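Q: Following the numbering used here, the numbering of the sequence shown begins with 59 at its first residue and continues without gaps.
Positions of the beta carbon are idealized from the N, C-alpha and C atoms, including for glycine.
As the structure is a prediction and not an experimental result, all values here were calculated from the model.
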Amino acid sequence: MSNIYLGYHFTIKPLELGSEILIAELGEKAFESFIETETGISAFVQKDLWNEAILEDIQILSNPEFEISYTFEEIEQVNWNEEWEKNFEPIDVDGKCHVRAPFHEKTNAEFDIVIEPKMSFGTGHHETTHMMIQHLLETDLVGKKTLDMGCGTAILAILAEMKGAQPIDAIDIDNWCYLNSIENAERNNCKHISVYEGEASLLVGKKYDVIIANINRNILLNDMQQYVDCLNENGILFLSGFYTEDIQVISESCTSKGLTYVKQFERNNWVALKFVK
């Protein structure tokens, strides 16, 4: 194999859901590395594995619910570590929580989380992650049984353990996220996090004091009843992964199932809501 890659740079609207679907579809092709950008994703494929029809049956590209455009370029001898470091910035939340990669300098933040998202599924430093961290920083988690649904790199599960939550279940449908969450939990010396690969069907018979679900509007609405069913009385549900215009439909789904709205954070049109049972 050569060291020559083709880089496809996609601009996507709506961004988060579109990026998730596009990465999943491209991952079934020869594309092997992805970087999240402010407007979409960049995807990379070895030139020797590329063909002109590589995007032909990528269904999201012809889906009228998404606006996707792209450019591509030939790149020689890609240094993946350099690309990753160039695109990964640490998260600093209110000076209290610092989420960083191993190559970032340690700070004096009360909660110092080290993750290595690698190149396969983004870096996790999104508005929704920032706001969910804000919610957790305000919450007494000591001894609380906690679920991180759609855990990604397990940032929120790790912070929950640092704040005293236990035991913690972290679940993601994506195999890479599952494996990376295990690695990151170990990297941060977590002892109370169990990571599972799957979806809401894994929640049958489970009970939690705190549920963190940072996914997207459609999945949240589809799985809301399952979240409510496994939430203990006086339990807390944190929801994010959707826009301000989605607040009404999300809130109606929650309140119709017996939850009470508490508060929200907003950041660049993204929202993170808190409900109690």
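1. Report yes or no: do three or more beta-carbon pairs, one from the segment 290 to 303 and one from the segment 318 to 328, lie closer than 8 Å?
2. Given a threshold of 16 other Cβ atoms within 10 Å of its Cβ, counted over all protein chains shown, does T204 qualify as buried or as exposed?
3. Find the nearest neighbour of G76 within the set E96, L64, E90 and G65, judged by alpha-carbon distance.
4. Residues in the same chain with beta-carbon distance under 6 Å from D227, minus the five sequence neighbours each way, listed in chain order, please.
5. Taking only the alpha-carbon atoms, compute the straight-line gap between T374 and I62 and give it to the nearest angstrom.
6. Whose C-beta lies closer than 8 Å to the C-beta of A82 among residues of the same chain, with five residues either side of it excluded?
7. DSSP three-state label for D281, please.
8. So I270 packs on M190, CB below 8 Å; how close in whole Å?
9. Quick check on the burial criterion: 16 or more other C-beta atoms within 10 angstroms. Buried or exposed for A330?
10. For Y285, tell me which candidate among T211, Q306, G316 and E114 has the shortest Cα-Cα distance.
11. Pick helix, strand or coil for L80, following the three-state DSSP scheme.
12. Check for me: the beta strand (DSSP E) holding C155 runs from which residue to which?
13. With distances taken Cα to Cα, identify the nearest neighbour of F115 among E74, F169, E86 and E310.
14. For Q192, which residues of its own chain have a beta-carbon under 8 Å away from its beta-carbon, when the five flanking residues on both sides are left out?
15. Measuring CB to CB, does I70 end up less than 8 Å from G98?
16. Tell me which residues share the same chain as T186 and place their Cβ nearer than 7 Å to its Cβ, disregarding the 5 neighbours each side in the sequence.
17. Between E110 and F102, how many whole angstroms is the CB-CB distance? I'm expecting something under 8 Å.
18. Starting from F323, follow its DSSP beta bridges and name the residues at the other end.
19. From what residue to what residue does the beta strand (DSSP E) around H67 run?
20. Between K202 and the rest of its own chain, which residues show a CB-CB distance below 6 Å, the 5 nearest in sequence each way excluded?
21. My output table needs one value for A212: the three-state DSSP class, helix, strand or coil.
22. Three-state secondary structure (DSSP) at S100?
23. CA-CA distance, Q306 and I277?
24. CB-CB under 6 Å to E163, same chain, minus the five flanking residues each way: which ones, in chain order?
25. CB K332 to CB G293, shorter than 8 Å?
26. How is N290 classed by DSSP in three states: helix, strand or coil?
27. With H, G and I counted as helix, E and B as strand and the rest as coil, what does DSSP make of Y301?
28. Tell whether a beta-carbon distance below 8 Å holds between I149 and A159.
A: Let me lay it out:
1. yes
2. buried
3. E96
4. L205 and S252
5. Since the first residue shown for the chain is 59 and the last is 335, residue 374 is missing from the structure and cannot be characterised.
6. D232
7. helix
8. 6 Å
9. buried
10. G316
11. helix
12. C155 to R158
13. Looking at the sequence itself, residue 115 is Asp, so the reference to Phe does not match. Nearest of E74, F169, E86 and E310 to D115, Cα basis: E86.
14. V151, D152, F323 and A330
15. yes
16. N272, S298, G299, W328 and A330
17. Rounded, the Cβ-Cβ distance is 17 Å, inconsistent with contact.
18. A330
19. I62 to K71
20. A223, D267 and V268
21. coil
22. strand
23. 16 Å
24. none
25. no
26. strand
27. strand
28. no
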